[in-house]
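S.K.: Numbering (my numbering), first residue to last: 241 to 494. Cβ coordinates follow ideal geometry from the N, Cα and C atoms, glycine included. Since we're looking at a predicted model, the values are computed, not measured. Attaching a single structure in structure tokens format; questions to follow.
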């Protein structure tokens, strides 16, 4: 019987089942790693976003261009920065969505005395809305979350490097900053309020991220369950094949 289970067709079945189980177990652990990453992200955002709102210089302890500046250490910190909006240099970060609505983020450079240009994400505007641009009087104090510059992924859309480009796929601070000239702060500010404020509905502040754990734990359990099902089914098939090949018990006539 063992010889039958080692025939080429059965060897392929054994290898296929083992490969499938290994794949599913790895997918389960991948989901658990994603869960751990999500918990780490949630803890970081919660801790930093609950810190006092302070001047951008006091929070970062560095000016734009400093060699020892580490943007990731300040991601999601709440800051204030004072300066003058230059709407003629405004751009859009496209292909955004908020509350199920497609749109773009309005990005306006803020010229400051101490940090050069600070790029401000003033908020989300739906594609269906024709907004009359209304900027607050100068100077303005912006309060928002510090965010790190975004980079293109392996499959991400490519941004144009043409001078005067107004539409970008992501908050690529070095690329957006090329159009400004001078010093550009290496992070951008995701606004949640500004003073003096404009009484307009749009742009609306970008929604704070949902700090849930997501479905990663349940997905991990599902992959573990599927691997157990595959192993159990494999065992049942082998056992039936084994029994089918056992010699019949000889009966002694009475």
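Could you tell me whether the segment 380 to 388 touches the segment 416 to 433, where touching means 3 or more Cβ pairs closer than 8 Å?
M.R.: Touching, yes.
S.K.: How many angstroms separate the CA atom of residue 451 from the CA atom of residue 251?
M.R.: 47 Å
S.K.: Could you tell me how far apart the beta carbons of residue 257 and residue 442 are, in whole angstroms, since I believe they sit closer than 8 Å?
M.R.: Contact flag wrong, Cβ pair sits at about 56 Å.
S.K.: Please report the straight-line C-alpha distance between residue 355 and residue 425, rounded to a whole angstrom.
M.R.: 6 Å
S.K.: Taking residue 464 as the reference, which of 263, 255, 249, 247 has the closest Cα?
M.R.: 263
S.K.: Given residue 399, which residues of its chain have a CB within under 8 Å of its CB, disregarding the five upstream and five downstream residues?
M.R.: Here the set comprises 392, 405, 408, 409, 410, 412, 415.
S.K.: Might you give, ordered along the chain, the residues of its own chain that have their beta carbon closer than 7 Å to the beta carbon of residue 260, omitting 5 neighbours on each side?
M.R.: 470
S.K.: Helix or strand or just coil, what does DSSP make of residue 417?
M.R.: In this structure, residue 417 counts as helix in the three-state DSSP scheme.
S.K.: Please go through the segment 276 to 364 and give each complete alpha helix (DSSP H) segment of 4 or more residues, from N-terminal end onward.
M.R.: 296 to 300
S.K.: Under the rule that 16 or more other beta-carbon atoms within 10 Å means buried, what is residue 291, buried or exposed?
M.R.: exposed
S.K.: Leaving aside the five residues before and after residue 330 along the sequence, list all residues of the same chain whose C-beta is less than 7 Å from its C-beta, in chain order.
M.R.: Non-local beta-carbon contacts of residue 330 in its own chain, meaning distances under 7 Å to residues more than five positions away in sequence, involve 346, 347, 348 in chain order.
S.K.: Roughly how many whole angstroms lie between the Cα atoms of residue 462 and residue 352?
M.R.: Taking the straight line from one Cα to the other gives about 53 Å.
S.K.: Thinking C-beta only, is residue 277 closer than 7 Å to residue 388?
M.R.: Taking 7 Å as the Cβ cut-off, residue 388 and residue 277 do not qualify as a contacting pair.
S.K.: Return the chain-ordered list of same chain residues with a C-beta closer than 7 Å to the C-beta of residue 271, the five sequence neighbours on each side being excluded.
M.R.: 456, 459, 460, 463
S.K.: My guess is that residue 366 and residue 343 are in contact by the Cβ rule of under 8 Å, so how many angstroms apart are they, rounded?
M.R.: With a Cβ gap of about 4 Å, residue 366 and residue 343 count as contacting.
S.K.: Is the Cβ-Cβ distance between residue 360 and residue 350 less than 7 Å?
M.R.: With respect to the 7 Å criterion, residue 360 and residue 350 are classified as neighbours on the basis of their beta carbons.
S.K.: For residue 324 versus residue 378, is the C-beta spacing smaller than 7 Å?
M.R.: yes
S.K.: Hey, residue 364 and residue 338: beta-carbon distance below 7 Å or not?
M.R.: Yes, these two residues count as a Cβ contact at 7 Å.
S.K.: Measure the C-alpha to C-alpha separation of residue 301 and residue 318 and round it to an integer number of angstroms.
M.R.: When rounded, the distance between both Cα atoms is 14 Å.
S.K.: Give me the residue from 284, 282, 466, 376 with the minimum Cα distance to residue 436.
M.R.: 376
S.K.: Where are the alpha helix (DSSP H) runs, 4 residues long or more, that stay fully inside the segment 399 to 475, in chain order?
M.R.: 413 to 417
S.K.: With C-beta atoms as the reference, is residue 223 less than 7 Å away from residue 447?
M.R.: In the structure displayed, the chain extends from 241 to 494; residue 223 sits before or after that span and is not available.
S.K.: Which of the three DSSP states is assigned to residue 480 in this structure?
M.R.: helix
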